[in-house]
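Trainee: Residue numbers (UniProt numbering), protein chains in the order written: chain U, 1 to 164; chain W, 1 to 164.
All C-beta atoms, glycine included, are put in the ideal place defined by N, C-alpha and C.
Model, not experiment: these values are computed from the prediction.
There are 2 protein chains.
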Amino acid sequence: MADVAGKERRIVVTVDESEESRHALSWCLENVISSNSKDTLLLLYVQPPRAVYTAMDGSGYLFSADIMATMEKYSNDVAQSVIEKAKRMCQDVKVETRVEHGDARDVICQMVEKLNADMLVMGSHGYGLIKRAFLGSVSNHCAQNVKCPVLIVKKPKSPSDASN
Amino acid sequence: MADVAGKERRIVVTVDESEESRHALSWCLENVISSNSKDTLLLLYVQPPRAVYTAMDGSGYLFSADIMATMEKYSNDVAQSVIEKAKRMCQDVKVETRVEHGDARDVICQMVEKLNADMLVMGSHGYGLIKRAFLGSVSNHCAQNVKCPVLIVKKPKSPSDASN
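1. May I have the straight-line CA-CA distance separating Val138/W from Val121/U, to the nearest angstrom?
2. Residue ranges of each beta strand (DSSP E) run of no fewer than 3 residues wholly in the UniProt domain "UspA" (9-154) of chain W, ordered along the chain?
3. Within 10 Å of its beta-carbon, does Lys157/W have 16 or more other beta-carbons around it, so buried, or fewer, so exposed?
4. Is any beta-carbon of chain U found at less than 8 Å from that of Ala143/W?
5. Since residue 168/U and Val95/U are thought to touch, with beta carbons under 8 Å apart, how far apart are those beta carbons, to the nearest angstrom?
6. Near Leu151/W, which residues of its chain fall below 6 Å by C-beta distance, leaving aside the five closest residues on each side in sequence?
7. Who are the near neighbours of Ala117/W in its chain, counting only those whose CB is closer than 7 Å to its CB and skipping five residues on each side?
8. Report all residues from its chain with a CB closer than 7 Å to the CB of Val52/W; omit the five preceding and five following residues, and keep chain order.
9. So, under 8 Å CB-CB, Met89/U and Leu25/U are touching, yes? Tell me the CB distance rounded to an integer number of Å.
10. Whose Cβ in chain W lies nearer than 7 Å to the Cβ of Ile152/U?
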């Protein structure tokens, strides 16, 4: 059994607006990061691809450049807010942050490789069939395609579960 | 950031004959279990369901009771061998072992719940399309269906990766 304190691990944690994501980060901080470790947490927020907005602008009238800029600003504000909240949770641990655009599945896999991560931690949006069918596939896709170990953390359903 | 040393976690690690499984256990020991923790590792080996042998015995001639007993003994020997090898890897950590019969996907999910596990660690057999299509689904299924966090560990492809 090795002593994790001596290693410098790079752990990517995906963050988003959801409670599941917050829980995954919290679980990771409590269970994976030891208090005297040299780990670096890389908080990764993936914005939807800009192309989504462009595609909605099919008519050429609905979305002016102003509206596009407003939506872009809103999207960036959300990203910053999520990143800031996540950073505040990470006391006494080295943190880097990244905001990227694109399809979450592709971007996460690419960034894990690019950042030379030792581990990927993700929340799982596991409630509701539609939600699971769509969002579940992000963690499935990443678990199958990234080379490093992947930790998928589910948010307990009830408050009593949360205390475990 | 909590200190993991004080918590008593129950971590289920699935083990089988594969190199991937050995790597997953090794990674878990090095990266998840801290040297002064009170964690208990629950090594779980799932044997194929006995029904598989019975189903092969369609003719009533091919497999006598003797052959069935021999196959059963062989299967148990493999299970014991895997469990013993896995136990030898776990120095200075509390270990419990379980051997169960059935479909790995169902059994793992059931046992994680029954054993009240805080985390499930699995190897991923990720090489080759056929193998992935079949074996990959075990980790996918478990990641989607168990309530606790799931760590999927891949074996690095090349020796140079293994040193990371």
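Mentor: Answer, in terms of the structure:
1. Residue numbering aside, residue 138/W sits at position 138 when the second sequence is read from its first letter. Residue numbering aside, residue 121/U sits at position 121 when the first sequence is read from its first letter. Roughly 19 Å between the two C-alpha positions.
2. Counting whole runs of 3 or more residues, the UniProt domain "UspA" (9-154) of chain W contains the beta strand (DSSP E) stretches 10-14, 40-47, 94-101, 119-124 and 150-154.
3. If you number the second sequence from 1, residue 157/W lands on position 157. Exposed is the call here.
4. For the purposes of this step, residue 143/W is taken as the residue at position 143 of the second sequence. Chain U, which has a Cβ nearer than 8 Å to the Cβ of Ala143/W, makes this yes.
5. An answer regarding residue 168/U cannot be provided, because it is not within the stretch 1 to 164 covered by chain U.
6. Here residue 151/W refers to the residue found at position 151 of the second sequence. Answer for Leu151/W: Val121, listed in chain order.
7. By one-based count along the second sequence, residue 117/W stands at place 117. These residues qualify, in order along the chain: Arg10, Ile11, Val12, Leu42 and Cys148.
8. As a first step, residue 52/W is located in the second sequence; it is residue number 52 there, counting from the start. With a pLDDT of only 49 at Val52/W, under the threshold of 50, the placement of this residue in the model should not be trusted, and no figure is reported.
9. Within the first sequence, the letter at position 89 stands for residue 89/U. Within the first sequence, the letter at position 25 stands for residue 25/U. The Cβ separation is near 6 Å, so the contact holds.
10. Here residue 152/U refers to the residue found at position 152 when the first sequence is read from its first residue. Going along chain W in sequence order, the residues near Ile152/U (Cβ under 7 Å) are Ala143, Pro149 and Val150.
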